[in-house]
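Scroll down for the structure; my scribbles are underneath it.
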Amino acid sequence: MAAGLPPEWLEEELTCPVCLQIYTDPVILNCKHSFCRACIEESWRDPESGTYSCPECRANYSERPVLKRNFKLANIALKYQAVNGTPVALPCNYCTRKKLTAVKTCLKCEASMCSKHLKHHRENAVFKNHPLIDPTADMSTWKCIEHKKLLEIYCKDDKVCICCLCPVVGKHKNHNCVSISEGEQELRDHLQQQIEKVRTNTTSIQAALDHLQTQKESTQTLIRETKIQIQEKCTAIRKYFENEEKEAFKYLDKVQRHVTGEIDAQILELENKMEAFQKNLSDFSDLLTKNDKLIFIQGFNSMGLRIKEASEPLAPQPPPPDVNKITTDKINWVQKQYEAVSQLERDRDIMATVYGQTPTLDVDTAHRSVILSDDKRVASGSQFRQPYPASRKRFDSWGQVLCSEGTNGGRSYWEVEIAGVRGKWAVGVCYGSIKRKGRDTECLLGGSSKSWIVCSGSSSNLWSYLSGSRSVLAQHSGNITDLTVRISSRVGVFVDFDAGIISFYSVSGSKLNLICTFQQQTFSEALYLALRVGDWNTSLSLCSLN
0 MAAGLPPEWL
10 EEELTCPVCL
20 QIYTDPVILN
30 CKHSFCRACI
40 EESWRDPESG
50 TYSCPECRAN
60 YSERPVLKRN
70 FKLANIALKY
80 QAVNGTPVAL
90 PCNYCTRKKL
100 TAVKTCLKCE
110 ASMCSKHLKH
120 HRENAVFKNH
130 PLIDPTADMS
140 TWKCIEHKKL
150 LEIYCKDDKV
160 CICCLCPVVG
170 KHKNHNCVSI
180 SEGEQELRDH
190 LQQQIEKVRT
200 NTTSIQAALD
210 HLQTQKESTQ
220 TLIRETKIQI
230 QEKCTAIRKY
240 FENEEKEAFK
250 YLDKVQRHVT
260 GEIDAQILEL
270 ENKMEAFQKN
280 LSDFSDLLTK
290 NDKLIFIQGF
300 NSMGLRIKEA
310 SEPLAPQPPP
320 PDVNKITTDK
330 INWVQKQYEA
340 VSQLERDRDI
350 MATVYGQTPT
360 LDVDTAHRSV
370 ILSDDKRVAS
380 GSQFRQPYPA
390 SRKRFDSWGQ
400 VLCSEGTNGG
410 RSYWEVEIAG
420 VRGKWAVGVC
430 YGSIKRKGRD
440 TECLLGGSSK
450 SWIVCSGSSS
460 NLWSYLSGSR
470 SVLAQHSGNI
480 TDLTVRISSR
490 VGVFVDFDAG
500 IISFYSVSGS
510 KLNLICTFQQ
520 QTFSEALYLA
530 LRVGDWNTSL
540 SLCSLN
């Protein structure tokens, strides 16, 4: 119960009423009061009136009582001092007057000794083999629980210390036993070996850490230098196009000044002619109002040349310079530059690392002729209809399936592995609102404005590619383009949602070769990766890019 008391209460209970310190070698009187041995002996050194009394309750004893050690109280006091960090000073059991501090405890004698009595103990041949330990009041740790004998033997089978009776009459009979000294030495040797192994492992780990740290630093340096190089190259490219833009604008401004100058000159000339014609028209009209015959004839004859010149058909007006061709040429040049940059060979590892996605197929959209793998990453054609439950999202006429995850912003990149590349297949993206029910082109990937694909097939018409032709097509809104490219068995799909770009690539090792690009102004809703398997010997697998 004392262990559960507050620390200040416990300390009060463990305080000697004479010295007001924690009990040291406490003894108990017949009246059940306890004191430090040194305190009670000092109190009784010169007893008054020849009697001995208890300092606490004043109980008198005619004869000096025999002081009995209070072992339980001594152990509690020692443990309290150990827990609270108080130095434990154990008194010598052999000192009769002033108790000196013990320096060793003999396990055989079960006594603690000061340095003086320890010397006598060691010099006595009888005590030569007695085991000595640091001072302790509680020797139960060094005794056998079963036989209450000193632990002098080590059982190697059970890995415990035992007394001399355990291997004779106890449960360790016939066990592999050695002296406790031998057992200690064996364990020390074993521990030393393990320490050496741990040191070796520590050295190896440190070497690995140093190597990894070096790799980390070199990687950071390489990435930093690569970024600088890329920045320099891209800056040069941007500067080149900025200069080209400035030069194109300067050229167009010059063309504008030249053309508008010519037009302004023609306008001025026509305005002057208009003014002359208006004056002639006024004069001629005024002459026509003259009623006097002689005056009219004389006026007409005097204006004859003017009338003739003014009434002659106008000469054709030279057309202004044609700027349509100039602007068209410039726009075409810029478009070619853009296409040249956009169709540069891309690095597959960069695309996969930065933009790579690994979606899963949505079983609720899969046509019943399409089998999905357990991990929903592979779509295969089947000759048999699958028992999929009814779903408004399911394609009911074409062997198509969509992915569960879509994109509605930023950039995304997927890869699809084609098994049976000469079979019938299609890879692309579509809006989630694509029509699912029916056999019309609105349900067919590539057949409406809601889907963009590359596929196997023939370019003769939208339906004939299902006949098994081996050319590669690009399709959108029912428009088919026969692509004059060779593709590998892996197709990459890149979407820049914000820029309105969908690009398809043939994946060859770490390189991407452009198949085709669809340029859309804006996307009106989220895009989903879409697959079609047109026959039973074709399968399409979504590649892991995470």
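Start counting the sequence shown at 0; every next residue gets the next number (numbering that gives the first Met the number 0).
Note that the Cβ used here is the ideal one computed from N, Cα and C, for glycine as well.
Computed from a prediction, not measured in an experiment: that's the story for all the values here.
Output the distance between the C-alpha atoms of residue i and residue j, rounded to the nearest integer angstrom.
i      : j      : result
Met273 : Pro315 : 15 Å
His116 : Asn92  : 9 Å
Thr220 : Val453 : 41 Å
Asp291 : Gln265 : 41 Å
Gly409 : Leu269 : 57 Å
Leu287 : Asn271 : 24 Å
Asp390 : His366 : Per the sequence shown, residue 390 should be read as Ser rather than Asp. Approximately 10 Å, taken between the alpha carbons.
Glu224 : Ser476 : 46 Å
Asp157 : Thr50  : 58 Å
Thr199 : Gln205 : 10 Å
Val65  : Pro54  : 16 Å
Leu360 : Gln520 : 28 Å
Glu40  : Cys108 : 24 Å
Pro166 : Thr202 : 43 Å
Ile479 : Ala473 : 6 Å
Phe70  : Asn29  : 15 Å
Ile75  : Lys118 : 30 Å
Gly419 : Lys226 : 41 Å
Lys196 : Gly182 : 21 Å
Ala351 : Leu544 : 6 Å
Asp282 : Pro312 : 19 Å
Leu45  : Arg63  : What sits at residue 45 in the sequence shown is Asp, not Leu. Their Cα atoms are separated by approximately 11 Å.
Ser387 : Asp363 : In the sequence under discussion, the amino acid at residue 387 is Tyr, which differs from the Ser named in the question. For Tyr387 and Asp363, the distance between alpha carbons rounds to 8 Å.
Thr234 : Asn242 : 12 Å
His146 : Ser139 : 12 Å
Helix, strand or coil for residue i, going by three-state DSSP, please let me know.
i      : result
Asp205 : For the record, residue 205 in the displayed sequence is Gln; it is not Asp. Note: Gln205 maps to helix in three-state DSSP.
Val494 : strand
Tyr387 : coil
Tyr239 : helix
Leu251 : helix
Ser488 : coil
Ser466 : The predicted model places Ser466 with a pLDDT of 40, which falls under 50 and marks its position as unreliable, so this point remains unresolved.
Asn279 : helix
Glu109 : coil
Trp424 : strand
Ala365 : coil
Gln20  : coil
Arg435 : coil
Asp481 : strand
Gly409 : coil
Phe34  : strand
Output the boundary residues of the alpha helix (DSSP H) element that contains residue i.
i      : result
Thr352 : Arg347 to Tyr354
Gln297 : Lys292 to Ser301
Arg121 : Ser114 to Glu122
Val167 : Cys165 to Val168
Label residue i either buried or exposed according to how many other C-beta atoms from any shown protein chain fall within 10 Å of its C-beta, with 16 as the threshold for buried.
i      : result
Leu208 : exposed
Arg550 : Examination of residue 550 is not possible in this model, given that the chain is present from 0 through 545 alone.
Cys113 : buried
Thr326 : exposed
Ser488 : exposed
Leu443 : buried
Cys105 : buried
Trp8   : exposed
Trp413 : buried
Ser538 : buried
Trp424 : buried
Gln184 : exposed
Lys103 : buried
Val168 : exposed
Val490 : buried
Phe503 : buried
Starting from residue i, trace the beta strand (DSSP E) in both directions and tell me its first and last residue.
i      : result
His475 : Val471 to His475
Cys515 : Lys510 to Gln518
Ile27  : Pro25 to Ile27
Leu13  : Where Leu13 is concerned, there is no enclosing beta strand (DSSP E), given that its DSSP letter is neither H nor E.
Ile451 : For the record, residue 451 in the displayed sequence is Trp; it is not Ile. Segment Ser450 to Ser455, the beta strand (DSSP E) holding Trp451.
Phe503 : Ile500 to Ser507
Arg531 : Leu526 to Val532
Gly380 : Val377 to Gly380
Phe522 : First-last for Phe522: undefined, no H or E at that position.
Leu313 : Careful: Leu313 lies outside any beta strand (DSSP E) and carries neither H nor E.
Within 9 Å (strictly less), CB to CB, does residue i reach chain D?
i    : result
Glu7 : Absent from the structure: chain D. Only one protein chain is present.
Note down, one range per segment and in chain order, each alpha helix (DSSP H) of at least 4 residues found wholly within the segment 39 to 104.
-> Counting only runs of 4 or more, we get 70 to 82.
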